[in-house]
Amino acid sequence: MKKLITIILEVILILACVGYAGSKFGVKSLDSVDTMMVSLKSQIESEITESISQVEYLVPVEHQEEFSKVIESVGKSDQVDAMINKYSQSFLKDVASKNGATMDINAEVDQFISDNETEIKASMGNNVPEEVKSQVITEMRTKIDFEKHYKDVVEYTQKKLSPGQMEALDTVNELIVNSESYPMIAAATIAASLVLIILINIKNRFGIGYIGTALVISGITCFGLSLIMPSFVESSLVRIPFEIDASQIPYAMLKNYGYIYGGIGLVLVIISSVMSRYEVVDA
């Protein structure tokens, strides 16, 4: 019975060790997600500028220079930047969700225009007639469909990803939400497993042989993951319609954890083996 409990604790220790390494790897990899968000934000900003410029035909040629200031001022405003941040941060969640897009972007854009109508009109300059300014504002509200663009991008990305990649993206999204708690939970599980193995096997060389074996298996698993992950991630990234800097993904971190776990585990196995021989000699 004691041996069965120890084996179960070994399995838990292996899962916790691999989970800890994986969660730390995932948290570090969020830099790449940030890179994707920067790329996405850049695309959104371009879309905003392009969409607003679609109503340029309303402005007489002699006033189009003033109108270009509108495009620039709207694109660089703090409110638009905040909206873009919210928009890009929601992207991963919406792609991973089976319910699709959840952002009500058009309502936010309309609210932004309402809140800043005076400033937008003023930025067109004094030479643009008031009726033209009002017509431009109306067109901006009714003809620019930001939400459709967002939903199209979400749906396009969902269609490009396989079910397995969708699950992986859902895991990444979950990791983003719980990026601080997962490593702590894994570390606590490791500590609890070690203590229990030692207490249960206090008369059997403190269970260091079991601990060593679990760490060696954890190390091999982490090392194996470091070899498998690059091809899996790269095959996933090519399906996402944004440029992502995959060079920031720290695959070497998994390999390093593999070396650490494996090295410590091997030392413990050797110590346990030596202690076992001395016990035989003493007997």
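So in our numbering, the last one in the sequence shown is 631, and the numbering has no gaps at all. Cβ atoms here follow ideal geometry from the backbone N, Cα and C, with glycine treated the same way.
The alpha helix (DSSP H) that contains residue i, what's its start and end?
{"i": "P531", "result": "S529 to I548"}
Taking only the alpha-carbon atoms, compute the straight-line gap between residue i and residue j and give it to the nearest angstrom.
{"i": "I353", "j": "V359", "result": "10 Å"}
{"i": "K298", "j": "I356", "result": "The structure shown has nothing for residue 298, since the chain only spans 349 to 631."}
{"i": "I468", "j": "N454", "result": "17 Å"}
{"i": "S529", "j": "Y609", "result": "22 Å"}
{"i": "V366", "j": "N549", "result": "23 Å"}
{"i": "I461", "j": "I576", "result": "49 Å"}
{"i": "K372", "j": "I546", "result": "26 Å"}
{"i": "G560", "j": "V443", "result": "41 Å"}
{"i": "Q459", "j": "E487", "result": "14 Å"}
{"i": "R625", "j": "F571", "result": "31 Å"}
{"i": "F554", "j": "I619", "result": "11 Å"}
{"i": "N474", "j": "N464", "result": "17 Å"}
{"i": "Y504", "j": "K496", "result": "12 Å"}
{"i": "M532", "j": "M349", "result": "30 Å"}
{"i": "N552", "j": "V615", "result": "17 Å"}
{"i": "V484", "j": "L573", "result": "55 Å"}
{"i": "E478", "j": "A470", "result": "10 Å"}
{"i": "V375", "j": "F580", "result": "18 Å"}
{"i": "K507", "j": "E456", "result": "27 Å"}
{"i": "L544", "j": "K351", "result": "12 Å"}
{"i": "M540", "j": "G613", "result": "The question names Met, but residue 540 in the sequence shown is Ala. Rounded to the nearest angstrom, the two C-alpha atoms are 17 Å apart."}
Can you tell me whether residue i is buried or exposed, with buried defined as 16 or more other CB within 10 angstroms of its CB?
{"i": "A536", "result": "exposed"}
{"i": "K481", "result": "buried"}
{"i": "Y605", "result": "buried"}
{"i": "A631", "result": "Any reading at A631 must be qualified, since the residue scores a pLDDT of 48, below 50, and its modelled position is unreliable; the value itself is stated next. Looking at its Cβ environment, which holds fewer than 16 other Cβ atoms inside 10 Å, A631 is exposed."}
{"i": "G567", "result": "buried"}
{"i": "Y607", "result": "exposed"}
{"i": "G633", "result": "Within the shown structure, residues of the chain are numbered from 349 to 631, placing residue 633 beyond reach of any answer."}
{"i": "V622", "result": "exposed"}
{"i": "A562", "result": "buried"}
{"i": "T569", "result": "buried"}
{"i": "T490", "result": "exposed"}
{"i": "Y558", "result": "buried"}
{"i": "T466", "result": "exposed"}
Roughly how far, in whole angstroms, is the beta-carbon of residue i from the beta-carbon of residue j, given that I think they are within contact range, below 8 Å?
{"i": "L602", "j": "A369", "result": "6 Å"}
{"i": "A534", "j": "A364", "result": "5 Å"}
{"i": "V564", "j": "V502", "result": "Actually they do not touch by this definition, with Cβ atoms about 44 Å apart."}
{"i": "P598", "j": "S377", "result": "7 Å"}
{"i": "L361", "j": "I556", "result": "Incorrect: roughly 12 Å between the Cβ atoms, too far for contact."}
Counting only C-beta atoms, is residue i closer than 8 Å to chain C at any point?
{"i": "M349", "result": "Reference to chain C is not applicable here, since this structure consists of a single protein chain."}
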